[in-house]
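The sequence shown begins at -16 in the working numbering and counts up by one.
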Amino acid sequence: MGKKSNPAEIPRHVAIIMDGNGRWASQHHLPRLSGHEAGRKSVKAVAQAAIDHGVRYLTLYAFSVENWQRPRDEVQGLMGLLRGVIREELNEMGKEGIRLRTIGRRQDLPEAVREELEGAIERTKANTRLDLILALSYGSRVEITEAMQAMGREIKAGKLDPEKITEETVSAHLYTEGIPDPDLLIRTSGEMRISNFMLWQISYAEIYVTPVLWPDFGKDEFAKALADYAGRDRRFGGI
Ligand code: IPE
Ligand code: IPE
Ligand code: MG
């Protein structure tokens, strides 16, 4: 914090596992959904901070394929919250030059949420300041499995030569097609795990785990993570 970084030290793509809403709620003697609601202002603060720092891509893990196993009330509450946020923030996203995108199994989402999302994606598609990528019904293994299925179909149709498959071919079949890999991966609430998030894409991402719970994570915490990143020695296997 306080350290002014040179542009080369600013990650182009930051990905965040937004965790700890439930624990925040129980600390405040509130229902879990209040924790998710409280996390909303962190999303706004972090998107704004990303723009202010010149980060170009921000991916937020908002709902995993595994999260469908949660109690129905919580899932429904989260879906309602998501829909409301998109509706209420659409104008602001336009003003800030934010392009909304998603990765994940959009087909799993309730129709009302999907429609809200697709409208916002369409309306913001020409914006170029920040790509805000929401990972929704996202799972890395299912993403890789679907990529393999798609490549298999192309091979079968004679459109893809198996000998010519490169890492770029694989990347181009993932939900993140055309999006550069994350440079910095942040996880809040202290858990030291990846939870099926962007397994292929984070090969060389720098990892930053903070004990701060997601609803308490704001622009200062984001700046702290960037300052930490700026001090890292990224080697990519070299010396
Ligand atoms: C993260 O907070 C949000 C989602 C996974 C949707 P959690 O709901 O996982 O919060 P904790 O981990 O129970 O504290
Ligand atoms: C990861 O958090 C998924 C999201 C942040 C959306 P979880 O809370 O679901 O992960 P686990 O269960 O602690 O691994
Ligand atoms: Mg959690």
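Built from N, CA and C at the ideal position, the CB exists for glycine as well. Source: prediction; values computed, not measured.
Within a Cβ cutoff of 6 Å, which residues of the same chain sit near residue i, ignoring the five residues on either side of it in sequence?
i: residue 87; result: 118, 119, 120 and 121
i: residue 60; result: 16
i: residue 73; result: 103
i: residue 62; result: 93 and 96
i: residue 5; result: 15 and 18
For a test of the three-state rule: what should DSSP assign to residue i, helix, strand or coil?
i: residue 11; result: coil
i: residue -14; result: Any reading at residue -14 is ruled out, since the residue's pLDDT is 44, under 50, leaving its predicted position unreliable.
i: residue 187; result: coil
i: residue -4; result: strand
i: residue 162; result: coil
i: residue 114; result: strand
i: residue 210; result: helix
i: residue 172; result: coil
i: residue 17; result: helix
i: residue 38; result: coil
i: residue 109; result: coil
i: residue 195; result: coil
i: residue 178; result: coil
i: residue 205; result: helix
i: residue 167; result: strand
i: residue 92; result: coil
i: residue 143; result: coil
How is the beta strand (DSSP E) around residue i delimited, first residue to last?
i: residue 226; result: Residue 226 falls outside the range modelled here, since the chain spans only -16 to 222, and no answer is possible.
i: residue 152; result: Premise fails: residue 152 lies in the alpha helix (DSSP H), 150 to 155, not in any beta strand (DSSP E).
Would the C-beta of residue i count as close to ligand 3, meaning under 7 Å from any of its heavy atoms?
i: residue 2; result: yes
i: residue 161; result: no
Closest by CA to residue i, which one among the options?
i: residue 0; options: 83, 35, 195 and 159; result: 195
i: residue 225; options: 192, 95, 105 and 171; result: A question about residue 225 goes unanswered here, because the residues of the chain that appear run from -16 up to 222.
i: residue 185; options: 9, 5 and 165; result: 165
i: residue 207; options: 171, 221, 175 and 177; result: 171
i: residue 46; options: 187, 135 and 22; result: 22
i: residue 89; options: 183, 148 and 116; result: 116
i: residue 158; options: 205, 202, 42 and 57; result: 42
i: residue 64; options: 32, 18 and 39; result: 18
With hydrogens ignored, establish whether the beta-carbon of residue i is closer than 7 Å to any heavy atom of ligand 2.
i: residue 66; result: no
i: residue 44; result: yes
i: residue 49; result: yes
i: residue 178; result: yes
i: residue 126; result: no
Is residue i near ligand 1 - that is, is its Cβ less than 7 Å away from at least one heavy atom of it?
i: residue 5; result: yes
i: residue 19; result: yes
i: residue 83; result: no
i: residue 123; result: no
i: residue 119; result: no
i: residue 183; result: no
i: residue 16; result: no
i: residue 172; result: yes
Provide the residue span of the alpha helix (DSSP H) that contains residue i, from first to last.
i: residue 135; result: 123 to 139
With a threshold of 7 Å on Cβ separation, who are the neighbours of residue i within its own chain once the five nearest residues in sequence on each side are excluded?
i: residue 81; result: 30, 107, 110, 112, 113 and 115
i: residue 99; result: 66, 69 and 70
i: residue 201; result: 25 and 28
Tell me which residues share the same chain as residue i and place their Cβ nearer than 8 Å to its Cβ, disregarding the 5 neighbours each side in the sequence.
i: residue -16; result: Unreliable positioning characterises residue -16 in this predicted model, as indicated by a pLDDT of 41, which lies under 50. The coordinate reading is nonetheless provided below. 203, 206, 207 and 210.
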